[in-house]
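Protein chains in written order, with the UniProt record's numbering: chain A, 1 to 128; chain B, 1 to 128. Each remark here refers to the structure printed beneath this line.
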DNA sequence: CAGTATCCGGCCGGATACTG
DNA sequence: CAGTATCCGGCCGGATACTG
């Protein structure tokens, strides 16, 4: 609630939210989280669910999420080895946060589109 | 609420939230928004408030926010020309969203730290 | 299948010099 | 002051080849 106390911390490079923000900005983090909301998935299943992701980027993203404890990786040994990925409770909570942001985006989409159109149309003329 | 409908859209490259997420991940967007929550500021004031930002990055970030209608740029002509930046109503709303994310980060910080420590300590050994 | 290992072009962001 | 214009190194992410 106190804007000042938030400001002091958030302006620093290592504040608690920094890593979270960069996680949110990551191209594949949100798609992966969403794909996992339906339950545990294997690497190959995820690749098919998420269009356009390369094998390297998918592995990299999964490691990142694993490191932050949002995703758990389980190896099931046997004649046909398999590897499952699933959301941890923390990952589920993160998914809810994601939904909040997404809803904000959807709600304000018209305003955002209008602003961009105005800017592109040359609102910058008078600024120049 | 319906996870499926969100999923369908968010997996695409051009969904409404995409741009917002990349905005949140931007290194300087949040610091600038926070610095502007105290009222209109000039370029040079912002540079001093936000440690470590270069002149180029500050200008670039302000243009980005201006383009999305989160920040308004006003030129006050006169013998001593000056340029003010301030949050639009949309920008203020965005700041509130930011606070929600920040609070999530603070609340879950202990869990995140624990997960990272466990990962670094070699939770990956058994995975290898 | 679920990765690791390389190569490699493109973009991002910092430093520096210059302008109305 | 509030920028624009360049240069330039480093990292990010895709493509490709190889492995247990």
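Cβ coordinates follow ideal geometry from the N, Cα and C atoms, glycine included.
The alpha carbon of residue 87 of chain B has as its nearest neighbour, out of B:28, B:24, B:21, B:41, the alpha carbon of B:41. Where residue 72 of chain B is concerned, the enclosing beta strand (DSSP E) starts and stops at 71–76.
Each of B:46, B:56, B:111 was checked against the Cα of residue 84 of chain B, and the nearest Cα belongs to B:46. Secondary structure of residue 82 of chain A (DSSP, three-state): strand. At a cut-off of 7 Å, the C-beta of residue 84 of chain A has no neighbouring C-beta in chain B. According to the DSSP secondary-structure assignment, residue 87 of chain B is paired through a beta bridge with B:71. Per DSSP, the unbroken alpha helix (DSSP H) holding residue 44 of chain B starts and ends at 43–49. Residue 31 of chain B sits in a helix when the DSSP states are folded into three classes. Taking 7 Å as the cut-off, the beta carbon of residue 90 of chain B is found closer than this to the beta carbon of residue 69 of chain B. With 16 or more neighbouring CB atoms inside 10 Å of its own CB, residue 16 of chain B falls in the buried class. Under the Cβ distance rule, residue 81 of chain B does not count among the residues neighbouring chain A, no pair being separated by less than 7 Å. Inclusion of residue 25 of chain B and residue 22 of chain A in the CB contact set at 7 Å is warranted, their separation being smaller than that value.
Residue 59 of chain B has its alpha-carbon roughly 11 Å from the corresponding atom of residue 44 of chain B.
Proximity of chain B to residue 112 of chain A at the Cβ level (cut-off 7 Å) is accounted for by 68, 69, in chain order. At least one C-beta of chain B is nearer than 7 Å to the C-beta of residue 24 of chain A. In terms of beta-carbon proximity, residue 109 of chain B lines the interface with chain A, with at least one pair separated by less than 7 Å. Beyond the five residues adjoining it in sequence on each side, residue 66 of chain B comes within less than 6 Å, by CB distance, of 73 in the same chain, given in chain order. For residue 54 of chain A, no alpha helix (DSSP H) segment is defined, and its DSSP state is neither H nor E.
DSSP places residue 16 of chain A in the uninterrupted alpha helix (DSSP H) bounded by 16–25. When secondary structure is reduced to three states using DSSP, residue 110 of chain B falls in the helix class. Note on geometry: alpha-carbon atoms of residue 78 of chain A and residue 119 of chain A lie some 59 Å from one another.
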